[in-house]
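A.B. asks: Residues in the sequence shown are numbered consecutively from 1, following full-length UniProt numbering. Even for Gly, the Cβ is constructed at its ideal location relative to N, Cα and C. Quick one: the structure is below, and I'll ask about it shortly.
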Amino acid sequence: MALIVPLLTFLFNTSAKGTVYVKPESAFNMMGNFNYYSQEFNKAFGTYGALQYICGIILISVLLSNLFKYTSQRIMENLRIHTLLNIRRTVFESVMNMHLGFFNNERKGDIISKITNDVQVVQFTVTGTLQVVFREPFQLIAYLVALFAISPKLSFISILFIPISAIFIAKLVKSLKNVASNSQSSFGVMVSNLEEALTGVKIIKAFNATPFITKRFNDENENFSELGRQMAIKQQLASPISEFLGVLMIVVIVLYGGSMVLGGDPNFTAPMFIGYIGIFSQLTRPAKALSDSFTGVNLGLAAGERILELIDMRPSIQDAPKAVEVTEFKESISLQNIDFSYGDKVILSNVSLTIPIGKTIALVGPSGGGKSTLMDLIPRFIEPQGGSVHFDGLDIKNITMDSLRKQIGFVNQESILFNDTIFNNIAFGKPDSTKEAVEAAARIANAHEFILNTDNGYQTNIGDRGIKLSGGQKQRINIARAVLKNPPIMLLDEATSALDTESEKSVQDALNKLMKNRTTLVIAHRLSTIKDADMIAVLDSGKIVETGTHSQLMAHDGVYRRLVEMQTFSE
1 MALIVPLLTF LFNTSAKGTV YVKPESAFNM MGNFNYYSQE FNKAFGTYGA
51 LQYICGIILI SVLLSNLFKY TSQRIMENLR IHTLLNIRRT VFESVMNMHL
101 GFFNNERKGD IISKITNDVQ VVQFTVTGTL QVVFREPFQL IAYLVALFAI
151 SPKLSFISIL FIPISAIFIA KLVKSLKNVA SNSQSSFGVM VSNLEEALTG
201 VKIIKAFNAT PFITKRFNDE NENFSELGRQ MAIKQQLASP ISEFLGVLMI
251 VVIVLYGGSM VLGGDPNFTA PMFIGYIGIF SQLTRPAKAL SDSFTGVNLG
301 LAAGERILEL IDMRPSIQDA PKAVEVTEFK ESISLQNIDF SYGDKVILSN
351 VSLTIPIGKT IALVGPSGGG KSTLMDLIPR FIEPQGGSVH FDGLDIKNIT
401 MDSLRKQIGF VNQESILFND TIFNNIAFGK PDSTKEAVEA AARIANAHEF
451 ILNTDNGYQT NIGDRGIKLS GGQKQRINIA RAVLKNPPIM LLDEATSALD
501 TESEKSVQDA LNKLMKNRTT LVIAHRLSTI KDADMIAVLD SGKIVETGTH
551 SQLMAHDGVY RRLVEMQTFS E
């Protein structure tokens, strides 16, 4: 842009007669250097030669400009991609390290929104802001230097408008952050509603609840859209305001600068005036980019606060600084004087239980008695408010959670399977397992035959949450997974309660094989699962009220016998 001045001067021969340009001492005196070298080319090659020189310099400068622009875009794109990669990785790892209680208090949709949408917003904000911070201030300074080099007097007047423009933009940006924060929270609720609708679609249709679910989703969708509209209004106001103020500044410059040219000011010629306007028109672009970046920063701050909340959150259950690793199970698991409650609701009260090595201990009792809570204490999914859990005499708080959980296998009432092949679901947690080992585990779990009858055998994809399999088949895959892990301790939480009689027999047979030569803690509502247990502990209202074998408890007229007679257990 600065080259416009000597270009027009030599093209239209407007320089004053007798004007001689001396080579400036500083290489940074742009206008002086342009005029001096243009004069020298004019002497050596004539006016047309000087014009060629100026055009050549313009071409070279534009070529370099675009080369650096392309390079900067490549650098920023790499930075943007790595920013997204690292933030998303950090957020996901932070979420996965949380204790189970965290997930009971959080909406899954909100977590998904933070990992996807909020990370995306922060990514573009960070990279966009960095690009602006590293480039625009330098361009702004370069344009201002060029403007002052042409006319200091006119430049002082023109820059008075910059603070006025900044005040308008700052007020607009300030109001944007709250709307952005509300918008991201609304998006989290909407994703949560969507996730629940897709998960429970069968129940929704069974209860003719489609209109209710649709209305709930649409209401949040409309709320999110309204917040988006409010955000767009505020964002879109920034551009026309800054553009109008920019044009206003140019009008003032044209009027004032025009009066200088028309007044015959020898230090401010018509070519200098045109070049000045050209440079000043470029000044508004980095200024506008800076103001827009402030708008984006507030969007990013709102999303960033939600992400940092997850990243900075520390799980309440962590390994002790000097926690030791355990490599085997030798004696017993002992729960001593355990107290546990959710808020004011007492779940377990002064519960003590010992599970000796090689024994099968069954937990029975009415629903809500605290059976699953007691079981979750052993792998340290939750921690008691009082009492302690010992593994071979060592408090589990002093054992690393990874090594503790390596000694334990799980089979739950709900079959947790992944949208993957049967092979990968059985080998889950042990991805280096051989085909022979997986098949051996499936045979023990009575799953091998039905697996071979599927479309692609062990490579059959079972769909989301194992939707392509029956309840009994899913549970046998779960048992095969536990068999392959081959832990010394098994925790079975109502593993057969949701199955029909035929499936229950196959699964029970698989469980019997799984429990053989292992230490087992089992929760069950079926008599066939627990009648052969070495000891049965009856939990009622958070306390162990009876212990003994099946025959001992039946001989005693207590809670266990009443539960059996009420057919809480079934043969």
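1) Mind reading off the beta-carbon distance from T360 to V522? Whole number of angstroms is fine, and I expect it under 8 Å.
2) Which residues in the same chain as K513 place their Cβ atom closer than 6 Å to its Cβ, once the five residues preceding and following it in sequence are excluded?
3) Would you mind stating whether P356 and Q407 have Cβ atoms separated by less than 7 Å?
4) Tell me the rounded alpha-carbon separation between E414 and D455.
5) How many angstroms separate the CA atom of A427 from the CA atom of T434?
6) Mind checking whether G365 and V538 have CB atoms under 7 Å apart?
7) Would you mind giving the Cβ-Cβ distance between G300 and V122, rounded to the nearest angstrom? I have them listed as a contact below 8 Å.
8) Short of 6 Å in beta carbon distance, which residues of its chain neighbour Y36, apart from the five on each side in sequence? Order them along the chain.
9) Please classify A510: does DSSP put it in a helix, a strand, or coil?
10) Going by C-alpha distance, which of T421, F34, L484 and Q120 is nearest G457?
11) Quick check on the DSSP output: the alpha helix (DSSP H) that includes A555 runs from which residue to which?
12) Let's test the definition: count the other Cβ atoms within 10 Å of the Cβ of E25 and tell me whether it reaches 16, buried, or not, exposed.
13) L394 and R465 - do their beta-carbons sit closer together than 7 Å?
14) How would you call V62, buried or exposed, if buried means at least 16 neighbouring beta carbons within 10 angstroms?
15) Classify G387 as helix, strand or coil using the three-state DSSP reduction.
16) Go to P356, then tell me how far its beta strand (DSSP E) extends in each direction, as first and last residue.
17) State the Cα-Cα distance for the pair K234 and V247, rounded to the nearest angstrom.
18) Closest to N419 by CA distance: which of V411, G471 and I462 is it?
19) What number of angstroms, rounded off, separates the C-alpha of E571 from the C-alpha of D312?
20) At what residues does the beta strand (DSSP E) containing D376 begin and finish?
21) From what residue to what residue does the alpha helix (DSSP H) around G472 run?
22) Does the region 131-139 come into contact with the region 208-217, if we say contact requires no fewer than three beta-carbon pairs (one atom in each stretch) closer than 8 Å?
23) Taking just the CA atoms, how far does Y560 sit from T568?
24) Going by DSSP in three states, K23 sits in which element: helix, strand or coil?
25) Looking at A362: is its Cβ nearer than 7 Å to the Cβ of V411?
26) Give me the Cβ distance between S158 and M249, rounded to the nearest whole Å; I'm assuming they're in contact under 8 Å.
27) List the DSSP bridge partners of F340.
28) Counting Cβ pairs closer than 8 Å, one from the region 309-325 and one from the region 189-198, do we hit at least three?
29) Within 10 Å of its beta-carbon, does A232 have 16 or more other beta-carbons around it, so buried, or fewer, so exposed?
30) Tell me the residue span of the alpha helix (DSSP H) that contains D402.
31) Between the alpha carbons of S113 and Q475, how many angstroms are there, rounded?
32) Rounded to whole angstroms, what's the CA-CA distance from L84 to N117? Just pull it up for me.
33) Could you please give me the residues that DSSP links to M535 through a beta bridge?
34) Give me the residue from C55, V145 and G542 with the minimum Cα distance to V346.
35) Start and end of the beta strand (DSSP E) containing V522?
36) Taking the straight line between their C-alpha atoms, what separation do you get for L67 and N86?
C.D. replies: With the given structure in hand:
1) 7 Å
2) I444
3) no
4) 25 Å
5) 9 Å
6) yes
7) 5 Å
8) Y21 and K23
9) helix
10) T421
11) H550 to A555
12) exposed
13) no
14) exposed
15) strand
16) K345 to P356
17) 21 Å
18) I462
19) Because the pLDDT at E571 is just 44, under 50, the model does not fix this residue reliably, and the value given afterwards should be weighed accordingly. Approximately 51 Å, taken between the alpha carbons.
20) Looking at the DSSP string, D376 is not in any beta strand (DSSP E); the run it does join, the alpha helix (DSSP H), is K371 to L377.
21) G471 to K485
22) no
23) Below a pLDDT of 50, predicted positions are generally treated as unreliable, and T568, at 49, falls in that range; the measurement from the model is reported next regardless. Their Cα atoms are separated by approximately 10 Å.
24) coil
25) no
26) 6 Å
27) L348
28) no
29) exposed
30) M401 to K406
31) 31 Å
32) 11 Å
33) I361
34) G542
35) T519 to I523
36) 29 Å
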